[in-house]
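Here the sequence shown is numbered in our numbering, starting from 1 and rising by one per residue.
Comments concern the structure below.
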Amino acid sequence: MSNPDEIREDIERTRAELGQDVDALADKVSPTKMAERQTRRMRRAVGSLKDRVMGAASDATDSTQAALGHAGEAVADAPHRLASTARGNPIAVGLIAFGAGLLAASLIPASKLERDAAQQAKDAAAPLVDQAKEVAAEAADHLREPAKDAAEAVKERAAEAVGTVREEGGAAASEVKAEAQQAAQQHASGGGSAGTAAPTSTRG
1 MSNPDEIRED IERTRAELGQ DVDALADKVS PTKMAERQTR RMRRAVGSLK DRVMGAASDA
61 TDSTQAALGH AGEAVADAPH RLASTARGNP IAVGLIAFGA GLLAASLIPA SKLERDAAQQ
121 AKDAAAPLVD QAKEVAAEAA DHLREPAKDA AEAVKERAAE AVGTVREEGG AAASEVKAEA
181 QQAAQQHASG GGSAGTAAPT STRG
């Protein structure tokens, strides 16, 4: 059988644990904490989205730069090849010149490669943009209900506080009224006794 001290300790320990649970629950449903958690989720999603977009754009840019680099090297090396071939086989000079013309013509639409790379990056980013919109919409939906619940909880607590103040104020007013009535009765009783005693002494 537990003694009273142990029972009190159990009660105090249980009360402390309940207090911690209530504090943790209040912190969890706090609008500020919920907003912070949702903001962290959105930042992670946006960071992942940014990395994917930048990766796609970087890949497209690298491909374009590599193509332009190879073409530039071919153009720079063309005169040397032409001279060497002309010395070894003069008849092939015309064919080489024709090939050089085709190569130069292929280098003219460099802006088209850039446009293709930009379009490729845009196409790669399109689904990611849609995903970002979905994440934002989902975040708004997740915040709406907790914020509504928090507002209702605050409203209920405010109503309870008003009711408590009203009850305490009414009780205090009743107590003051009772004390005032009691004081008035005591005063009236004391005055009546004094008024009755005076005529008796006169007749004597």
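In this text, a Cβ means the ideal position worked out from N, Cα and C, and glycines have one as well.
Since the structure is predicted, the reported quantities are computational estimates derived from the model, not experimental observations.
Q. What do you reckon, are the CB atoms on residue 45 and residue 131 nearer than 9 Å?
A. With respect to the 9 Å criterion, residue 45 and residue 131 are classified as neighbours on the basis of their beta carbons.
Q. In or out: residue 204 buried (at least 16 other Cβ within 10 Å) or exposed?
A. Residue placement at residue 204 is poorly supported in this model, since its pLDDT is 44, which falls under 50; the coordinates are not used for a value here.
Q | Rounded straight-line distance, which links the Cα of residue 164 to that of residue 127 | A | Each residue's alpha carbon lies about 56 Å from the other.
**Q.** Rounded separation between residue 119 and residue 20 - CA only
**A.** So the alpha carbons of these two residues sit roughly 56 Å apart.
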